[in-house]
Amino acid sequence: MALWTVHGDGRRVTDGAAVAPDERLSWPLTIGFGVQHSAAMFGATILVPVATGFPPTTALLFSGLGTLLFLLITRNRVPAYVGSSFAFIAPLVAARENGIAAQLGGVLAAGMLLVVVGIAVKALGARLLESLMPPAVAGAVVTLVGLNNLAKAATVAPQRQPGLAMVTLAVILVCGLLGRGLLARVCVLVGVL
């Protein structure tokens, strides 16, 4: 049995439609989106340990193990990648003065809290999570995490490679805002290339 069926004609997704977890697009599009996703997630997976003083190799190892475990638990029904979270950068940096034990203790406590939340959502349903964090709240939290890290990105990249940083940003914005169809959807990949 194949893992995925082709969505529609494999080349287009109509407005308002979504590709289901058990579907895929044509192989060139699937590979292109996969490369874009890998490029976007790899930087984040490496940046978090670098910013917090953890070894990047450890983050990559546990990212891979976490992803494999997630795919096994969900029986490959939910395509996802388990990577580093920017949400914990500020607490990890704040705990740096107290040593690695305090940082790891904080990560362990946060992980245990996430397990409890996961069990609650599994038992009570996703509506619990949706009632506590409606889309407007979740969007605001994600935006704040991004804006919190924007200051670092805005100061580090331009100092080292200002021209490259500006060209990359411009290409992503132009492709994302003015591009149509596939070009708009792969704007991050185009910017990285």
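Following the numbering used here, the numbering of the sequence shown begins with 754 at its first residue and continues without gaps.
For every residue, glycine included, the Cβ atom is placed at its ideal position computed from N, Cα and C.
Since the structure is predicted, the reported quantities are computational estimates derived from the model, not experimental observations.
Closer than 7 Å: is that where the CB of Pro-781 sits relative to any heavy atom of the ligand SAM? By its list of ligands, the structure shown contains no ligand whatsoever, and the ligand SAM lies outside what it can speak to.
Using 8 Å as the threshold, is the C-beta distance between Arg-777 and His-790 below it? Going by beta carbons, Arg-777 and His-790 fall outside the 8 Å limit.
Through-space distance from Ala-855 to Val-869, alpha-carbon basis: If you take the alpha carbons of Val-869 and Ala-855, they lie about 21 Å apart.
From Val-943 to Val-788, what distance separates their C-alpha atoms? As the crow flies, the alpha-carbon of Val-943 is around 11 Å from that of Val-788.
Counting Cβ pairs, one atom from each stretch, are 3 or more of them under 8 Å apart for the region 847 to 864 and the region 822 to 833? No: fewer than three Cβ pairs fall under 8 Å.
When we look at the beta-carbon of Leu-845 and count the other beta-carbons within 10 Å, is it buried (16 or more) or exposed? Per the 10 Å Cβ criterion, buried.
Pairwise C-alpha distance: Ala-889 and Thr-896: The alpha-carbon atoms of Thr-896 and Ala-889 are separated by roughly 10 Å.
Is Val-870 helix, strand or coil by DSSP? In the structure shown, Val-870 sits in a helix (DSSP, three-state: H, G or I).
Between which two residues does the alpha helix (DSSP H) containing Glu-850 stretch? For Glu-850, no alpha helix (DSSP H) segment is defined, and its DSSP state is neither H nor E.
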